[in-house]
Amino acid sequence: MAAGAELFSKTKLIAAAGLCTLSLILAWLLIEKPALPVNKRRLLCGTAALLTAADLGANTVLALRKFEQFDLADFTAFYDNAAAAVATAKAETDGDCRIEKNFLHTLNDPFLLGYWGISHYSSTKASTAKELLEQLGYVGYSTYGWGSTGVADSLLGIRWLYSDGSRPVAGHWQPVDCDSAYTLYKNDAAFPLAYLARQDALSVDVDALTDNTFTMQNAMLQSLTGCTDTALVSVEPTFSVTDKGTVQVDFTASLTGPAYMAIPGTEEQLPIDVVVDGELYAQYFEPESLGGVICLPSFTAGQHVTMVLGIADDEVFHTNTQIYQLDSAALAAARQQVQDVDADIREGGRIDVHCAVSGDNDLLALSFAYDDNWVVTVNGEEVQPSALFGGLLGVSLPQGDCTVTLRYTHPGVVPGAAASLAALAAALLWWFAERRRSQNA
185 MAAGAELFSK TKLIAAAGLC TLSLILAWLL IEKPALPVNK RRLLCGTAAL
235 LTAADLGANT VLALRKFEQF DLADFTAFYD NAAAAVATAK AETDGDCRIE
285 KNFLHTLNDP FLLGYWGISH YSSTKASTAK ELLEQLGYVG YSTYGWGSTG
335 VADSLLGIRW LYSDGSRPVA GHWQPVDCDS AYTLYKNDAA FPLAYLARQD
385 ALSVDVDALT DNTFTMQNAM LQSLTGCTDT ALVSVEPTFS VTDKGTVQVD
435 FTASLTGPAY MAIPGTEEQL PIDVVVDGEL YAQYFEPESL GGVICLPSFT
485 AGQHVTMVLG IADDEVFHTN TQIYQLDSAA LAAARQQVQD VDADIREGGR
535 IDVHCAVSGD NDLLALSFAY DDNWVVTVNG EEVQPSALFG GLLGVSLPQG
585 DCTVTLRYTH PGVVPGAAAS LAALAAALLW WFAERRRSQN A
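According to my numbering, the residues represented by the sequence shown are 185 to 625, in order.
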């Protein structure tokens, strides 16, 4: 009731309580007073039907109010342009990959438009994947939001991004031609959704690295590929206070490439304007601001940058602000170290993989959410999958040719089916008993 009091007014709570009370009274009268005259029983049944209709109607109206509403022209324009961008991406993609968008419109667009993504909005979202995505810097509404770094996008197999231009796009994305009002971008360094990598990745404790998502992403990339070069390179900022009392950040670019910023460990998430060299670059608003990765423009090596954050100065921003740049060559080299596999990935948690394992790449890594309900076989023998980085799937493989099958069964399927069968059996027993009783009478 305490939670309900936060969501519903006192009037609605009283109405709901009254509806429940009347329903219970009517049910009691119908069950416990079988000798009531027919006309009174009909009146009670009619009243019960009206109460049921009122309850269903009120719940329907209140539920529909929670859904986003778009006029037909707006939704049609979004669907047509998004579908055109997705079709272009699918036509130019050799193999499975992920597609995302960086603006807010409808939710669950991967379902709507039929592509793999990371954005998902429902109560059934995998908790392990959600935690890992937040650790990777994805804090936007409905998951992808403003995005993260080129390393994070690549590790999750996000190869395509479509944008309506309302938000900045990080420099690791390159525009491609597309017959759509939306701009389509490609990430050439994206990993496949399933690939062979090093087992060293299983020993990475991401929970110990969550204070800095950039060092965590470097550790993930290096452990998977064996590369020692750092793809995300830090810059050393200096801080001062502007005349307006906001935070000024000065730094010199370490290399030529896109930059990213994160300010973890703040007590609250605040709106933040980012002004770079005197020009407004982006406006990040709650809850898509502090805590996650904020993309900055691309800079050239040695370039001096002055950035103003439109938030009141506080020591926490001086100590916690992290700024990194992407070494695209290091990321591309790391991508070449993992081994592609022949993967058939289908909806409903059905994945078949054929591969030849040799050398150090003997871990099948899949950017799908780890769960205890995955059943995995390797060459016909059941094996236990591993939680890669706490939220993804990893399967250790022997040397040589391997055939791997992965099947996911929702934990509610078996008990749900058992309950349904039990209810059906009870209904049939009742029907036979009533039929025999009427025959004997």
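Backbone N, C-alpha and C fix where the C-beta goes; we use that ideal spot for every residue, glycine too.
Pick from the options that is closest to residue i, judged by C-alpha positions
i    : options                : result
A267 : L256, F254, Q253, I283 : I283
C479 : G462, E463, V458, H488 : V458
G575 : L386, D337, T367       : L386
G334 : V425, V489, S482       : S482
W300 : F259, G533, Q467, T397 : G533
G349 : L368, D337, A336, G600 : L368
E566 : V588, N545, A200       : V588
Y346 : Q358, K285, F295, G564 : K285
I507 : E499, V477, D427, D524 : V477
C204 : L240, E216, P218, C539 : L240
D434 : H488, M445, F398, L464 : H488
A518 : W614, Q401, L605       : Q401
Rounded Cβ spacing between residue i and residue j (contact assumed at less than 8 Å)
i    : j    : result
G494 : I529 : With a Cβ gap of about 43 Å, G494 and I529 do not count as contacting.
G355 : T436 : Not quite, the Cβ-Cβ distance comes to about 17 Å (not below 8 Å), so this is no contact.
C411 : G341 : The Cβ separation is near 18 Å, so there is no contact.
A237 : L210 : With a Cβ gap of about 13 Å, A237 and L210 do not count as contacting.
A627 : L405 : Given a span of 185 to 625 for the chain in the structure shown, any question on residue 627 remains unanswerable.
V562 : V579 : 7 Å
L339 : S512 : With 8 Å as the limit, L339 and S512 do not qualify as a contact, their Cβ atoms being about 15 Å apart.
6 Å Cβ shell around residue i - same chain, five flanking residues per side excluded
i    : result
T593 : N557
D413 : A514
V559 : R591
L228 : L210, L213, L214
Q509 : V417, S438, L439, G441, A443
D293 : none
Nearest-angstrom Cα separation, counted from residue j out to residue i
i    : j    : result
D461 : M491 : 6 Å
V270 : L297 : 8 Å
G329 : I535 : 28 Å
Q520 : K370 : 17 Å
R382 : V522 : 8 Å
L547 : L380 : 5 Å
T327 : L377 : 18 Å
G188 : S306 : Note that G188 scores a pLDDT of 39, beneath 50, so its modelled location is shaky; the value from the coordinates is reported in the next line. Distance between the alpha carbons of G188 and S306: 20 Å.
G429 : E420 : 22 Å
N223 : S207 : 19 Å
A607 : A201 : 29 Å
A146 : T505 : Nothing about residue 146 can be reported from this structure: the residues present for the chain run from 185 to 625 only.
D343 : D372 : Per the sequence shown, the amino acid found at residue 343 is Arg instead of Asp. Cα to Cα, R343 sits roughly 7 Å from D372.
D255 : D361 : 29 Å
A603 : L197 : 32 Å
A527 : D395 : 35 Å
G321 : D389 : 17 Å
D497 : G600 : 55 Å
A336 : E531 : 23 Å
V537 : V525 : 7 Å
T260 : F295 : 16 Å
8 Å CB neighbourhood of residue i in its chain, flanking five on each side removed
i    : result
A502 : Correcting the residue identity first, residue 502 is His in this sequence and not Ala. Around H502: F423, V431.
T312 : A553, Y554, D555, A571, G574, G575
Contact set for residue i: own chain, Cβ-Cβ below 7 Å, skip 5 residues either direction
i    : result
N265 : S364, A365, Y366
D384 : S407
T397 : Q319, L320, G321, A446, V477
Test: residue i CB closer than 8 Å to a CB of chain D
i    : result
V588 : Of the protein chains in this structure there is only one, and it is not chain D.
ask   = Whole beta strand (DSSP E) runs in the segment 274-333 with 3 or more residues, listed along the chain?
value = 282-285
key: beta strand (DSSP E) segments (min. 3 residues) lying fully within the segment 526-606   = 526-530, 534-541, 547-553, 558-562, 565-567, 570-572, 576-580, 584-592
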